[in-house]
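Residue numbers (my numbering), protein chains in the order written: chain V, 97 to 234; chain C, 129 to 246; chain L, -16 to 88.
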Amino acid sequence: MRFWLTLVLIMFLSSCAYVYQVQVGNIDDRESFESSPFEIKVSETGFNLEEAGEIEAALGSDSGKEVGDLLGMFQMGPRTGNPVYNERYAEDLLFLIKQKCPNGRVSGLTSVREQRRYPVISGEIVKVTGHCLRKRSS
Amino acid sequence: MRWIILAFCSFLFWGCAHSIHVVHSNPYDQSPGKADPEMVEARSEQGVVLGFTFDTDYVDRAYNTLQAKCTKGRIEGITTQFSTSLGFFSWTNKILMRGFCYPVSKCETGNCAKKWSW
Amino acid sequence: MKLKWLMVFTFMTVMITGCTYLESVSLTNIPEERSKVVSATREKGIIFYFNFDTDFADELSADLRSHCEGGVVSGILTKFENICYVPVFCFYSVNRVTATGYCNR
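What follows is the structure, given as structure tokens:
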């Protein structure tokens, strides 16, 4: 029993990571600037209703798949990862970048749109890494 | 009872799901001595029914709107977000562009700032 | 009779148009001077979803550069679209990349 419980826990707690988009910006690596790296991650929980319906159907519930399919009809459209219920989670990236580098030059920005997938739910993540450059005091 | 719950769930989840496809960001320069920028933003949308959509002009609309909000300056640090709000056999594609508008550079004799950067 | 011609005309219009979907978009920093607009487009037809390379987009940067020799191209809006022809069940589609920017010398 303990073995199966541990196995189920491992299965549910580990996740698969997916990358959907990567973008790399201009890089300034000149000696005259002092560089400090920063990372920003914003995320929101995504839900896969079809998967929830399938799991429920596999557990013996007849209506599970029907509910999943019905709700799926209300969520039609192009998707990247699982749908989220808050579309504004990545809107403040510009302010977050400004907070990380209020008095310098931002360089080497890398934006990654990724997903950490668990059963039924997922983490829809936008990660931005970069460097804040400040002139070296000579 | 089951159908009431189903109808309630459908109503609850209708039009609430969204998906972010692309987030693109740009560098900017806020070193000491630079003028304080103003944040400018442009949003545009395109409604799509049953997958029929014949152009992507909404992107150009957002592009033009953003530039119209900063006619006498340069726009840096632009972040572009492309997302879709999902619905019942229809969806809405959305573009959000945000950036910092730096005012027109003052050009003194022999010391003109560059009109572009990055 | 009129209805028949209307249906034929509608069918022909649908046949030559395609559904256009945006796949990705990006915008670089926009300059102060925006008088000269430069643009480049590259596209590739895909039959039965078979696509073996993405080389069509490689020359886009060179095209843009050729329109602005000796200058700086900035404020570039890059759109990657997929145009799918519904009457043939999207078995023929076109991937198109368009880059539009401003040239400053």
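No residue lacks a Cβ here, since even glycine has one placed at the ideal position from N, Cα and C.
Could you spell out where the beta strand (DSSP E) holding residue i opens and where it closes?
i         : result
VAL151(C) : 146 to 152
ALA82(L)  : 75 to 87
ARG213(V) : 201 to 213
ARG25(L)  : 20 to 30
SER132(V) : 129 to 143
SER111(V) : First-last for SER111(V): undefined, no H or E at that position.
GLY54(L)  : Counting along the chain, GLY54(L) falls outside any beta strand (DSSP E), and DSSP gives it neither H nor E.
SER233(V) : It is not in any beta strand (DSSP E) - SER233(V) carries neither H nor E in the DSSP assignment.
In angstroms with no decimal places, state the Cα-to-Cα distance between residue i and residue j.
i           : j           : result
SER245(C)   : PRO165(C)   : The predicted position of SER245(C) is uncertain, since its pLDDT is 49 and thus under 50; no value can be drawn from it.
GLY121(V)   : GLY204(V)   : 5 Å
HIS50(L)    : GLU15(L)    : 19 Å
VAL163(V)   : ASN87(L)    : 57 Å
VAL191(C)   : GLY175(C)   : Position check: residue 191(C) holds Tyr in this sequence, whereas Val was assumed. Going from the Cα of TYR191(C) to the Cα of GLY175(C) covers about 18 Å.
THR208(C)   : ILE223(C)   : 7 Å
MET(-10)(L) : MET(-16)(L) : 10 Å
THR141(V)   : LYS(-13)(L) : 52 Å
CYS67(L)    : THR181(C)   : 10 Å
VAL168(C)   : ARG226(C)   : 6 Å
VAL224(V)   : VAL202(V)   : 12 Å
ALA82(L)    : ILE59(L)    : 6 Å
ASN239(C)   : LYS162(C)   : Any reading at ASN239(C) is ruled out, since the residue's pLDDT is 48, under 50, leaving its predicted position unreliable.
ILE217(V)   : ASN144(V)   : 6 Å
THR3(L)     : GLY179(C)   : 9 Å
PRO70(L)    : SER76(L)    : 11 Å
LEU229(V)   : GLU204(C)   : 16 Å
SER213(C)   : GLU183(V)   : 8 Å
GLN119(V)   : ALA45(L)    : 20 Å
LYS62(L)    : GLY215(C)   : 24 Å
PHE(-8)(L)  : SER218(C)   : 26 Å
ARG48(L)    : THR184(C)   : 24 Å
GLY84(L)    : ASN12(L)    : 10 Å
PHE74(L)    : VAL115(V)   : 27 Å
SER147(C)   : ARG232(V)   : 42 Å
PHE134(V)   : LEU192(V)   : 11 Å
ASP41(L)    : ALA153(V)   : 48 Å
HIS149(C)   : GLU173(C)   : 14 Å
VAL187(C)   : PHE170(V)   : 25 Å
GLU150(V)   : LYS161(V)   : 6 Å
Which word fits residue i, buried or exposed, when buried means at least 16 other C-beta atoms lie within 10 angstroms of its C-beta?
i         : result
PRO198(V) : exposed
SER22(L)  : exposed
PHE210(C) : buried
LEU155(V) : exposed
ARG209(V) : buried
SER57(L)  : buried
ILE30(L)  : exposed
ARG202(C) : buried
ALA113(V) : exposed
SER195(V) : According to the sequence provided, residue 195(V) is Gln. The question's Ser does not apply to it. Per the 10 Å Cβ criterion, exposed.
LEU189(V) : buried
PHE99(V)  : exposed
VAL177(C) : exposed
VAL104(V) : exposed
PHE228(C) : buried
LEU101(V) : exposed
LYS200(C) : exposed
ILE123(V) : exposed
ASP38(L)  : exposed
ASP157(C) : buried
Using DSSP's beta-bridge definition, name the partner residues of residue i.
i           : result
LYS(-15)(L) : Note: LYS(-15)(L) sits in no beta bridge, so no partner.
ASN65(L)    : TYR4(L), ASN78(L)
ASP157(C)   : ARG201(V)
MET97(V)    : Answer by DSSP bridge pairing: none, since MET97(V) is not bridged.
MET167(C)   : PHE228(C)
GLU173(C)   : LYS222(C)
GLY219(V)   : THR141(V), ARG212(V)
GLY226(V)   : PHE134(V)
PHE33(L)    : ILE30(L)
LEU10(L)    : LEU60(L)
VAL120(V)   : THR206(V)
How would you write the range of the alpha helix (DSSP H) that residue i sits in, first residue to last?
i        : result
ARG48(L) : 43 to 49
Run the proximity test for residue i: is its beta-carbon closer than 8 Å to any non-hydrogen atom belonging to the ligand ZN?
i        : result
ILE29(L) : Although the ligand ZN was asked about, the structure shown includes no ligands whatsoever.
(request) For the region 153 to 195 of chain V, list the alpha helix (DSSP H) runs that are entirely contained and at least 4 residues long, ordered along the chain. (result) Here the runs fully enclosed are 158 to 169.
(request) Within the region 178 to 234 of chain C, note down every full alpha helix (DSSP H) run reaching 4 residues or more, in order along the chain. (result) Within the region 178 to 234 of chain C, the runs of alpha helix (DSSP H) that reach at least 4 residues and sit entirely inside it are, in chain order, 185 to 196.
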